Structures are given as structure tokens and as C-alpha cells.
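What follows is one structure encoded as C-alpha cells, with my remarks underneath.
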Amino acid sequence: MNTLQGSFLRAVCSIIVGALLVKYREETVTWITIAMGVLFFLSGLVSCLIYFGQKRRADEPAVYDSKGRQLTGIKPSFPLAGIGSIILGIALAMMPASFITGLMYVFAAILIVGALNQFFTLATACKYARIGLLWWIMPSAVLLVGIIAVIRPSTIASAPLFVIGWCMMLYGVVECINAMKIYRARKTFIRLSEQAQAEEKLGAEDNGAA
Numbered sequence: 354m355n356t357l358q359g360s361f362l363r364a365v366c367s368i369i370v371g372a373l374l375v376k377y378r379e380e381t382v383t384w385i386t387i388a389m390g391v392l393f394f395l396s397g398l399v400s401c402l403i404y405f406g407q408k409r410r411a412d413e414p415a416v417y418d419s420k421g422r423q424l425t426g427i428k429p430s431f432p433l434a435g436i437g438s439i440i441l442g443i444a445l446a447m448m449p450a451s452f453i454t455g456l457m458y459v460f461a462a463i464l465i466v467g468a469l470n471q472f473f474t475l476a477t478a479c480k481y482a483r484i485g486l487l488w489w490i491m492p493s494a495v496l497l498v499g500i501i502a503v504i505r506p507s508t509i510a511s512a513p514l515f516v517i518g519w520c521m522m523l524y525g526v527v528e529c530i531n532a533m534k535i536y537r538a539r540k541t542f543i544r545l546s547e548q549a550q551a552e553e554k555l556g557a558e559d560n561g562a563a
């Protein structure tokens, strides 16, 4: 499973959990907590497996373009969100009764970790693509809601879990969009760099022949 597929899985899990929060926020049902724990555990596990797979490939000889920018052998970002999802997933699945009353803080923490992970992903993407301001607005909004939910939950109207649920669905949608855009941008960057290298090599051969 590659990075794009891992991002989609994480996004789908977030959307499902967000929908559960919106629909069942007033019901302290144990199975909802356990189901959410399993989803986040699987999402985090996949992210970590992808990280270690990419880390092994990063040991391969690095390839650079004509401007000195690295194309292959790039070290992946540490799976902060993946590890956080695994820890929270285990806690939710193994001790649901302990978390039912504190679900709001748990999912606020998930929002914060998810937003930080998107920031790290966008920062990495800046190496091979121009990241516009709009790309940073969505994770900033998610991060802000997560922080407010932890510090002053009463600020989020009278239904903080409802707001957090919608934000988790928003995070999932943004994660999908970012993953597709970054994947395409990186593919385009590599293709153009390889094309430029081929043209330079051809030009050098022509000059040598002349």
C-alpha cells in the first residue's frame, strides 16, 4: 500500500468516525467507542507500515535533477498521526468505559494531531510544488477547533461533539484532496525533471558530436 492509499484510508476512517459522532453524540454506547478505536488503530498501523516501507527505500542511492533537487531516496516524514492513532485506538478499544465521558477531549486531540500531520505533509510537498495559501487554511481551522475544544469546550455552542464530528469529516475530505493534489504534483515534478535531464544529456551529446 502506497502513501496515497494510506491517506485515503486515514481520511475514510476520519469521515466514518465523524459521521458516528454527529449521529450518535448523545448516546454513550460502548460499541461506538470500540468501533472508533478499531478504525483508528487500523489507520495508524497502515500509516506506520507505509513509513517503514518508504524508509527502507530511502536508503537507495539518491537521484537529483539538474538543479540539485532530490527526486528519489527522500526520507519520509515521521508518522506522528499514525502513532497517535494507534495509541488512541488501543485505548478506546480496550477501555471504552473510561473514555465515554471524555470522548470530546479524545477526539479533539485527534483533530489536533491530524491537523499537525497535514502541516507536515504540506511542508514536505513544498520541496517539489508551490503550495498556495488555501491549502493551509483548512488544517489551520481544524487545529483551531481542536484546541478550543480542549481549552474551552463551552465556546463550541452547546454540542462540542457535534462540531468535532463535522470537523473530523472536513479533515477527511481535505486529506483526500491534499493527497491527490500532492501525488499529482510530485509525479509531474519528477516527470519534468527527468525530461529536463534527458534534454540536457541530449544537448551535451550534440555539442560533443559538433
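Okay, so the sequence shown: first residue is 354 according to my numbering, each after it adds one.
For every residue, glycine included, the Cβ atom is placed at its ideal position computed from N, Cα and C.
Note that the structure is predicted; figures quoted are calculated from it, not measured.
Mind checking which residues open and close the alpha helix (DSSP H) that includes residue i?
i	result
Phe460	Leu456 to Ala478
Ser493	Leu486 to Ile504
Ala512	Unbroken run through Ala512: none, as it is neither H nor E.
Ala482	Note, Ala482: premise wrong, no alpha helix (DSSP H); not H, not E.
Phe431	Neither: Phe431 is in no alpha helix (DSSP H) and is coded neither H nor E.
Based on Cα-Cα distance, which residue from the options lies nearest to residue i?
i	options	result
Ile440	Ser396, Tyr404, Phe515 and Ala482	Ser396
Leu357	Ala388, Tyr404 and Thr386	Tyr404
Ala450	Ala482, Thr386 and Met533	Thr386
Trp384	Val399, Gly525 and Phe452	Phe452
Phe542	Arg483, Ile436, Ser438 and Cys529	Arg483
Val498	Ala538, Val466 and Gln407	Val466
Arg539	Leu475, Gly518, Phe394 and Phe431	Leu475
Val495	Ala549, Phe472 and Leu486	Phe472
Met521	Ala468, Cys479, Gln550 and Gly390	Ala468
Are there three or more Cβ pairs, one per stretch, closer than 8 angstroms when the stretch 476–492 is compared with the stretch 437–447? Result no; under three Cβ-Cβ pairs closer than 8 angstroms.
Just checking, does the stretch 513–524 make contact with the stretch 365–374 on the three C-beta pairs under 8 angstroms criterion? Three or more beta-carbon pairs drawn from the stretch 513–524 and the stretch 365–374 are found closer than 8 angstroms, and the two stretches are therefore classed as touching.
Pairing CB atoms from the stretch 495–505 with CB atoms from the stretch 528–538, are three or more of them under 8 angstroms? By the Cβ criterion, the stretch 495–505 is not in contact with the stretch 528–538, since fewer than three pairs of Cβ atoms, one from each stretch, lie closer than 8 angstroms.
Segments of 3+ residues assigned as beta strand (DSSP E) that fall wholly inside the stretch 382–408: With a minimum length of 3 residues, no continuous beta strand (DSSP E) run stays inside the stretch 382–408.
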